[in-house]
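In mature numbering (1 follows the signal peptide of the UniProt record, and there is no 0), the protein residues as written are -17 to -1, 1 to 369.
Yeah, the Cβ is synthetic: ideal placement off N, Cα and C, and Gly gets one too.
Everything on this sheet refers to the single structure shown next.
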Amino acid sequence: MVADSSGLLILLQLLHSSPSCREGALHVLYALASTLELAWAAAKHGREVFILEVLLPIQEEIPLQQRVTAASLLGKLVGQTMHGPRVAITLARFLPDGFVSVIRDGPGEAVVTALEQTTEAPELVWTPAMAASLSAQIATMASDLYREQVKGRVVDWDVPEQASGQQEMRNEPQVGGIYVRLFLKDPKFPLRNSKRFLEGLLDQYLTSVAASQYDGQAVDTELPLLLSAALVSLLRVYPTLADHVGYLGYVPKLVSAVAYGASRETMASETYVSEDGLSQQISQTPQERVRLSCLRVLHQFAGNTTCAEAMAAISVGTPQVVPLLMKAIGWQGGSILALETLKRVVVAGNRARDALVAQGLKVGLVEVLLGLLDWRAGEEMGFVHR
């Protein structure tokens, strides 16, 4: 049977075409679930949709135990060494990433229970409306696929980009399988893979920051500000993840992003004197709000020794962090963050502290700090104080 792939395809088709044979077919398929041939047939030729049809029935009353067996079968297919990742990718086109993890972890009873519940969590959003919509789509696809295959055609199935079950959340920012807004509502939610979420946040954040710095186009600050808030919250809840940031080389990239934003300062961050003689502050530009979000993330990084040491590891073409932070003291809304970041990076545990102190001495940081203690000298230097 294993050697004959056509036999496997027939077994999978029986799940759709013959309710009386479904239970026996499921048991045979479950016994063969660890084979390469079955995982390949499920992912490549679309037979996975027949298993999903059993798991998510639209009208027909399918016994609970058959649904549990279908869930367990999918779990074994996802865990198959060679073709399991492809099966998981196909499943993720139908189900939220959180459900793929539930299927992978099992048992089948937990999967069926989760499908029948309403859930709103950072890793999973699921409602009865989403379940009904997806069930209808799967039933239609299974019927169409079956008609093609009974004609003797071996179809290389093309899964839709996003199944209807996930359309409700299509506009919600999602990173590494986590809905960012829901994470911010509950940052202490126990994540299955916090490192994956961290890396996804960093990559998307740096990309969105770079996109916000182009001239001649409208700047959408919502995404970078949202991602930066998630980064700060994640590192507060999981402080040891900051070591991971330092080892992967994200610190110099963030410093460069802050430096690039600082080099494009506009008059919007300056003060002017009104007719009544009072100093007034012009509102921040979108780029300046993004730049300030970079400073917040840098401030969070600075609390970790590995990241603080990475800030001192200067390579050719990389801006120095101390002169950058000294400049940030004069940013609207950035003075306290910049000063606290300077304090964090020169803590006693930082083995690269001497290099950072040398940067500060070279650019006159001591004089600047002394000037801040004298409000008159601070005004002469152009810094904004409350």
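(request) Figure out for me which residue from Thr190, Asp203, Arg279 and Val37 has the closest Cα to the Cα of residue 381. (result) With the chain represented from -17 up to 369, any question about residue 381 goes unanswered, as that position is not in the structure.
(message) Helix, strand or coil, according to DSSP, for Leu218 in the structure here?
(response) helix
(message) Whether or not the region 221 to 240 and the region 279 to 293 are in contact is what I'm after, with contact meaning three or more pairs of Cβ atoms, one per stretch, closer than 8 Å; do they touch?
(response) yes
(request) Could you say if the region 185 to 198 and the region 103 to 110 meet the contact criterion of at least three C-beta pairs nearer than 8 Å? (result) no
(request) Work out the CA separation of Pro156 and Leu281 for me, nearest whole Å. (result) 22 Å
(request) Please name the residue, chosen from Glu31, Pro302, Leu218 and Gly(-11), that lies closest to Arg76 on a Cα-to-Cα basis. (result) Glu31
(request) Under 8 Å Cβ to Cβ from Leu47, same chain only, skipping five residues before and after it: list those, please. (result) Val95
(request) Mind the definition here: the region 269 to 286 touches the region 308 to 319 only if three or more C-beta pairs lie below 8 Å; say whether that holds. (result) yes
(message) Applying the 10 Å Cβ sphere with the 16-neighbour rule, what's the burial state of Pro222?
(response) exposed
(request) For Leu353, count neighbouring C-beta atoms within 10 Å of its own C-beta (all shown protein chains included) and say buried if the count is 16 or more, exposed if not. (result) exposed
(message) Would Ala225 and Asn287 qualify as a contact pair, given that the criterion is a beta-carbon distance under 8 Å?
(response) yes
(message) Between Ala26 and Val70, how many whole angstroms is the CB-CB distance? I'm expecting something under 8 Å.
(response) 5 Å
(request) Determine the direct distance from the alpha carbon of Leu355 to that of Ala251, and round the result to whole angstroms. (result) Caution applies to Ala251, whose pLDDT of 41 falls short of 50 and renders its modelled position unreliable; the value that the coordinates give is listed next. Straight-line Cα distance between these residues: approximately 22 Å.
(request) Note down, in chain order, each residue of its chain lying with its Cβ closer than 8 Å to the Cβ of Ala115, except the 5 sequence neighbours on either side. (result) Ile41
(message) Need the endpoints of the alpha helix (DSSP H) that Trp23 sits in, please.
(response) Leu19 to Lys27
(request) May I ask which residues mark the beginning and end of the beta strand (DSSP E) holding Glu103? (result) Thr102 to Ala104
(request) Would you mind reading off the limits of the alpha helix (DSSP H) that contains Val330? (result) Taken as a continuous stretch (DSSP letters only), Val330 belongs to no alpha helix (DSSP H), as it is neither H nor E.
(message) Give me, in chain order, the residues of the same chain whose beta-carbon lies closer than 8 Å to that of Leu217; leave out the 5 immediate sequence neighbours on both sides.
(response) Phe166, Pro170, Ser177, Phe180, Leu181, Leu184 and Leu224
(request) Go ahead and pull the three-state DSSP assignment for Leu78. (result) coil
(request) Grab me the residues of Gln283's own chain with a C-beta within less than 6 Å of its C-beta, minus the 5 sequence neighbours each way, in chain order. (result) Val215 and Leu218
(request) For Ser191, name the three-state secondary structure that DSSP assigns. (result) helix
(request) Take Val329 and list the residues in its own chain whose beta-carbon comes closer than 7 Å to its own, dropping the five residues that flank it on each side. (result) Arg336, Leu339 and Val340
(message) From the DSSP secondary-structure annotation, give me the bridge partner or partners of Tyr162.
(response) Gln157
(message) Given this structure, state the Cα-to-Cα distance separating Gln342 from Asp357, to the nearest angstrom.
(response) 23 Å
(request) Could you tell me which residues DSSP pairs with Trp109 in its beta bridges? (result) Thr102
(request) Tell me whether Lys168 sits in a helix, a strand or coil according to DSSP, three-state version. (result) helix
(message) Here's the rule: buried if 16 or more other CB atoms are within 10 angstroms of the residue's CB, otherwise exposed. What is Gln263?
(response) Here Gln263 scores only 48 on pLDDT, less than 50, and its place in the model should not be relied on; the value that follows carries that caveat. With fewer than 16 other Cβ atoms within 10 Å, it is exposed.
(message) Please classify Leu(-6) as buried or exposed, where buried requires at least 16 other C-beta atoms within 10 Å of its C-beta.
(response) buried
(message) Comparing C-alpha positions only, which one of Gly332, Val304 and Arg334 sits nearest to Leu322?
(response) Val304
(message) Measuring only the C-alpha atoms, how far is Lys310 from Gln63?
(response) 54 Å
(request) Give the straight-line distance between the Cα atoms of Ala22 and Ile34, rounded to the nearest whole angstrom. (result) 12 Å
(message) Using the Cβ count rule (16 or more neighbours within 10 Å means buried), how would you classify Leu208?
(response) buried
(request) Classify Ser1 as helix, strand or coil using the three-state DSSP reduction. (result) coil
(message) Excluding the 5 residues flanking Leu60 on each side, which residues of the same chain have their C-beta closer than 6 Å to its C-beta?
(response) Ala16, Ala22, Ala25 and Val70
(message) My output table needs one value for Met65: the three-state DSSP class, helix, strand or coil.
(response) coil
(request) Note the first and the last residue of the continuous alpha helix (DSSP H) segment covering Val273. (result) Pro269 to Ala285
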